[in-house]
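Chains as they are written, first to last, in the UniProt record's numbering: chain R, 1 to 228; chain W, 1 to 228; chain P, 1 to 228.
Data first, discussion second: the structure below is written as structure tokens.
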Amino acid sequence: MHETFVIPLWADLTAVGLGGVQGALFASGFQGQRRLDLLGVAIIGILIGMGGGLIRDLLLGVEPATLQSDWYLVTAAGSSLVGMLIARPLQRLNRMIVGLDAVVIGMFGAFGTSKAIVLGLPVVPAVFVGVVAAVGGGVLRDVIMGLPVAVMHVGSLYAVAAASGSTVLVLLHLVGVPVPLAAVIGIAVTCVVRLLAVVFDVSLPEQRTLHRRRVAAETGVIPVVRRR
Amino acid sequence: MHETFVIPLWADLTAVGLGGVQGALFASGFQGQRRLDLLGVAIIGILIGMGGGLIRDLLLGVEPATLQSDWYLVTAAGSSLVGMLIARPLQRLNRMIVGLDAVVIGMFGAFGTSKAIVLGLPVVPAVFVGVVAAVGGGVLRDVIMGLPVAVMHVGSLYAVAAASGSTVLVLLHLVGVPVPLAAVIGIAVTCVVRLLAVVFDVSLPEQRTLHRRRVAAETGVIPVVRRR
Amino acid sequence: MHETFVIPLWADLTAVGLGGVQGALFASGFQGQRRLDLLGVAIIGILIGMGGGLIRDLLLGVEPATLQSDWYLVTAAGSSLVGMLIARPLQRLNRMIVGLDAVVIGMFGAFGTSKAIVLGLPVVPAVFVGVVAAVGGGVLRDVIMGLPVAVMHVGSLYAVAAASGSTVLVLLHLVGVPVPLAAVIGIAVTCVVRLLAVVFDVSLPEQRTLHRRRVAAETGVIPVVRRR
């Protein structure tokens, strides 16, 4: 396990905890055809908290680090509970979900790419592992909740944000920046790209222009700050 | 491979076989927008029979035991065929599906937790592996069949049942009970919790109380024995 | 890594490239409730190009070969771009999608079974790994795009085609035919079975005969050459 050289436990657990809060907030706000029960909300919280690390380690072919210690699951479950408790009184729920989401994507992306680099993967797969680790938990969440997969549809720019941060991390590593510093910068880049995309309502061109973008509005949990 | 010390082949194949029958019965009763063909029914049978063990071994980072011998696939495919054949004449189909489901969840949960313990995982991840192994096959089934994921919605209590059995197993192991005996007791606990939940129509509170539970009725395959 | 003895890099990259083109063509033709953006089309291309190999290596419990070199991702991304560029002017789009699909299923099936044989798996799991590698990418695509999973529904015969080719490969290997030659013949068998099924509109019997088959017509991308 090279893991310990790259990702300190406190950093990993921070990502898991923020992911758990964000997942539970997201699921609490869900208003679909069918309600989730409290267990369902907790499952989404744990899934977002644990998913990125599990997917990363499956792709890298190493034992899932999140299952080698009690702390990951305890943190994910506890933070899901926190997310459930603060969901009701919270006024600015959407804004908090989006902010946490950006940080969580950034952390899982940076940790995925860092671990891939340390394990000796070439640069392109290293970026790929980061991107999949960053967006994978959200894809699983959408599939299990029966929502359209956010990363696939117009207006998301999730994957672009994750790829930006992971690419910056890899480039910094190539020019000799230590991995921990490169990871911090990579997290910041992903956060900024993601938040700018939300704030300025940027989206990639649709494959055809017949339908206007509606995904964010329809899912009802991703705020559209400025509509064109 | 520590597997052979914990789970005898006959026990593993029994779980695979019961899972295959249950999956094929479930899929045969499916009345969605689009019909499944016979191959689709067989795929669901094989998925439920094999899924729990595959997910367990992926999480544990070991070679999938279900692919190291011809017997697993032969058993899963054969029992799916049996499930298809007995689906038509069977009068009490729903009752049988629910009963088999409880046993299969119990077995996959107990085997997952047992294997995790033998491989040296801490207790919390050991319970987690059992729960995911127990409910994972059903999640895949629902996603592939386009159904709402049962474990996520009001009235399921799947995960609670699996977690109860796995937790009992871990606790018994901690106080010195041999794993095989603890596993048998764990299976029984999961079965009883699951069946009691169905019989008494117990459900976790919804995240909000606007909608009454409808999932079981809507999917049309999970019987509601007593409605409030 | 036994991989290099079985699957030359050029062959593997050919499968990845054809898969990327096919995936991007498929996603470009998608006319669902919600549009995909250009990134979504690229993701489907990369998913189809990379998916079969990733699933194969996860099942086999080895490091994903597709992440050990930059070439796989570069090929998958580049061929997705090609697929996007040729999608608009192409007149015979459906015919090309189906043809590529048959070749890609054949290659991933044959490579999956070959690698399983070389790693020493018994014959039944070896066929299973081939079938799952062949159809797995398409299942992921359908789930992520929110389509009914093609392999599950009436009229597909995907899995039968993949199983035919993989079985022929295993049988030829058992009678002493070298794996590379057996793989080529297996690819051809899968292609022929799949294309014959499309041309002659063959399907397995439905579980009940109330509904006529509609899947192919509804998804709008699988041509039905002759309807009964």
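Cβ atoms here follow ideal geometry from the backbone N, Cα and C, with glycine treated the same way.
Three-way DSSP call (helix, strand, coil) for Glu172/W in this model: Residue mapping note: residue 172/W aligns to position 172 of the second sequence, counting from 1. According to the sequence as given, residue 172/W is Leu; it is not Glu. Per DSSP, reduced to three states, the secondary structure at Leu172/W is helical.
Cβ pair Gly49/W, Ala76/W closer than 9 Å: Counting from 1 along the second sequence, the entry for residue 49/W is found at position 49. Counting from 1 along the second sequence, the entry for residue 76/W is found at position 76. In this structure, Gly49/W places its C-beta atom within 9 Å of the C-beta atom of Ala76/W.
Neighbour flag for Leu93/R against chain P, beta carbons, 9 Å: In the first sequence, the residue the question calls residue 93/R occupies position 93. No, no contact with chain P.
Option nearest Leu100/R by Cα separation, candidates Pro8/R, Val202/R, Cys191/R: In the first sequence, residue 100/R corresponds to position 100, counting from 1. Taking only the C-alpha atoms, the option nearest Leu100/R is Cys191/R.
Validate contact between the region 14-30 of chain R and the region 138-149 of chain W using beta carbons, cut 8 Å, 3 pairs: no
Ala162/P to Ala197/W span [Cα, whole Å]: Counted from its first residue, the third sequence places residue 162/P at position 162. Counted from its first residue, the second sequence places residue 197/W at position 197. A straight line joining the alpha-carbon of Ala162/P with that of Ala197/W spans about 41 Å.
Distance, Ile44/W Cα to Tyr158/W Cα: One-based indexing of the second sequence puts residue 158/W at position 158. One-based indexing of the second sequence puts residue 44/W at position 44. Cα to Cα, Tyr158/W sits roughly 19 Å from Ile44/W.
Chain-ordered chain W contacts of Thr61/P [CB-CB under 9 Å]: Indexing the third sequence from 1 puts residue 61/P at position 61. The question names Thr, but residue 61/P is Gly in the sequence shown. Within 9 Å Cβ-Cβ: Asp57, Leu58, Gly61, Val62, Glu63, Pro64, Leu67.
Local conformation of Gly220/R per DSSP, three classes: One-based indexing of the first sequence puts residue 220/R at position 220. Residue confidence is low: Gly220/R scores 35 on pLDDT, short of 50, so the model does not pin down where it sits. No coordinate-derived value is stated.
Asp37/P - DSSP class collapsed to helix/strand/coil: Within the third sequence, numbered from 1, the residue matching residue 37/P stands at position 37. Note: Asp37/P maps to strand in three-state DSSP.
Status (buried if at least 16 other CB within 10 Å, exposed otherwise) for Val221/P: On the third sequence, position 221 is the one that residue 221/P refers to. For Val221/P, the predicted model reports a pLDDT of 36, less than 50, meaning its position is unreliable and no value from the coordinates is stated.
Exposure of Pro125/W, with buried meaning 16 or more beta-carbon neighbours within 10 Å: The count along the second sequence starts at 1 and reaches residue 125/W at position 125. Result: buried.
Chain P within 9 Å of Gly220/W, Cβ atoms only: The sequence position of residue 220/W within the second sequence is 220, counting from 1. Low confidence applies to Gly220/W: its pLDDT is 34, below 50, so where it sits in the model is not reliable, and the reading given next is rough at best. Answer no: the Cβ-Cβ gap between Gly220/W and chain P never drops below 9 Å.
Residue-level contact to chain C via CB, Met152/W, 9 Å cutoff: Absent from the structure: chain C. Protein chains present are R, W and P.
Alpha-carbon spacing of Ser69/R relative to Ile46/W, whole angstroms: As a first step, residue 69/R is located in the first sequence; it is residue number 69 there, counting from the start. As a first step, residue 46/W is located in the second sequence; it is residue number 46 there, counting from the start. So the two alpha carbons sit approximately 32 Å from each other.
Test item: CB-CB of Ile144/W and Met145/P under 9 Å: The sequence position of residue 144/W within the second sequence is 144, counting from 1. The sequence position of residue 145/P within the third sequence is 145, counting from 1. No, the Cβ-Cβ distance between Ile144/W and Met145/P is not below 9 Å.
Amino acids of chain W, ordered along the chain, whose beta-carbon sits closer than 8 Å to that of Ile43/R: Within the first sequence, the letter at position 43 stands for residue 43/R. Here the neighbours are Val151, Met152, Ala159.
Close beta carbons around Ile187/R, own chain, < 8 Å, minus the five adjacent residues each side: For the purposes of this step, residue 187/R is identified with residue 187 of the first sequence, where counting begins at 1. If we look at Ile187/R and ignore the five residues flanking it on each side, its Cβ neighbours are Val103, Gly106, Met107, Gly109, Ala110, Gly165.
Nearest neighbour of Ile117/W, chosen from Phe200/W, Val82/W, Asn94/W, Thr167/W [CA to CA]: Counting from 1 along the second sequence, the entry for residue 117/W is found at position 117. Minimum Cα distance to Ile117/W is reached at Thr167/W.
Residue of Asn94/R, Leu147/R, Leu121/R, Asp142/R minimising C-alpha distance to Arg56/R: As a working note, residue 56/R is residue 56 in the first sequence. It is Leu121/R whose Cα lies nearest to the Cα of Arg56/R.
Chain W contact for Gly17/R (CB, 9 Å cutoff): Position 17 of the first sequence, counted from the start, is the residue given in the question as residue 17/R. Interface annotation, Gly17/R: not in contact with chain W, CB-CB separation never under 9 Å.
Span separating the alpha-carbon of Phe128/R from that of Arg95/P: For this step, residue 128/R is matched to residue 128 along the first sequence. For this step, residue 95/P is matched to residue 95 along the third sequence. Each residue's CA atom was taken as its position, placing Phe128/R and Arg95/P some 32 Å apart.
Status (buried if at least 16 other CB within 10 Å, exposed otherwise) for residue 269/R: The requested residue 269/R does not occur in the structure, where chain R is confined to residues 1 to 228.
Beta-carbon neighbours of Val129/P, restricted to chain R and to distances below 7 Å: As a position in the third sequence, residue 129/P is number 129, starting the count at 1. Contacts between Val129/P and chain R, judged by CB atoms closer than 7 Å, are missing: the closest CB pair is about 16 Å apart.
Arg88/R, enclosing alpha helix (DSSP H) - first and last residue: Taking the first sequence and counting its residues from 1, the one referred to as residue 88/R is at position 88. Premise fails: Arg88/R is in no alpha helix (DSSP H) and is neither H nor E.
Residue-chain proximity (residue 248/P, chain R), Cβ-Cβ < 9 Å: One cannot answer for residue 248/P here, as it falls past the ends of chain P, which runs 1 to 228.
Residues of its chain near Val131/P, where Cβ-Cβ distance is below 7 Å and the 5 sequence neighbours each way are ignored: Taking the third sequence and counting its residues from 1, one reaches residue 131/P at position 131. Counting only Cβ-Cβ distances below 7 Å, and skipping sequence neighbours, we find Gly109, Ala159, Ala162, Ala163, Ser166.
Separation of Asp201/W from Leu36/W, as counted between CA atoms: Taking the second sequence and counting its residues from 1, one reaches residue 36/W at position 36. Taking the second sequence and counting its residues from 1, one reaches residue 201/W at position 201. Here the C-alpha atom of Leu36/W lies approximately 29 Å from the C-alpha atom of Asp201/W.
Minimum Cβ-Cβ distance from Pro122/P to chain W less than 9 Å: Reading the third sequence from its first residue, position 122 is the one you call residue 122/P. Yes - at least one Cβ of chain W is within 9 Å of the one on Pro122/P.
Beta carbon proximity, Gly40/W to chain P, threshold 9 Å: For this step, residue 40/W is matched to residue 40 along the second sequence. Yes, its Cβ sits closer than 9 Å to a Cβ of chain P.
Test: Pro119/R CB closer than 9 Å to a CB of chain W: As a working mapping, residue 119/R is identified with position 119 in the first sequence. A small correction: the amino acid at residue 119/R is Leu; Pro does not occupy that position in the sequence shown. Judged by the 9 Å Cβ criterion, Leu119/R is not in contact with chain W.
Cβ-Cβ distance between Leu81/P and Ala134/P below 9 Å: The residue given as residue 81/P occupies position 81 in the third sequence. The residue given as residue 134/P occupies position 134 in the third sequence. Cβ atoms of Leu81/P and Ala134/P: not closer than 9 Å.
Distance between beta carbons of Ile185/R and Ser114/R, contact taken as under 8 Å: For the purposes of this step, residue 114/R is taken as residue 114 along the first sequence, with counting starting at 1. For the purposes of this step, residue 185/R is taken as residue 185 along the first sequence, with counting starting at 1. Not confirmed; about 12 Å, so no contact.
Proximal chain W residues relative to Val74/R, where beta-carbon distance stays under 7 Å: Against the first sequence, residue 74/R aligns to sequence position 74. Against chain W, a Cβ distance below 7 Å from Val74/R picks out Val124.
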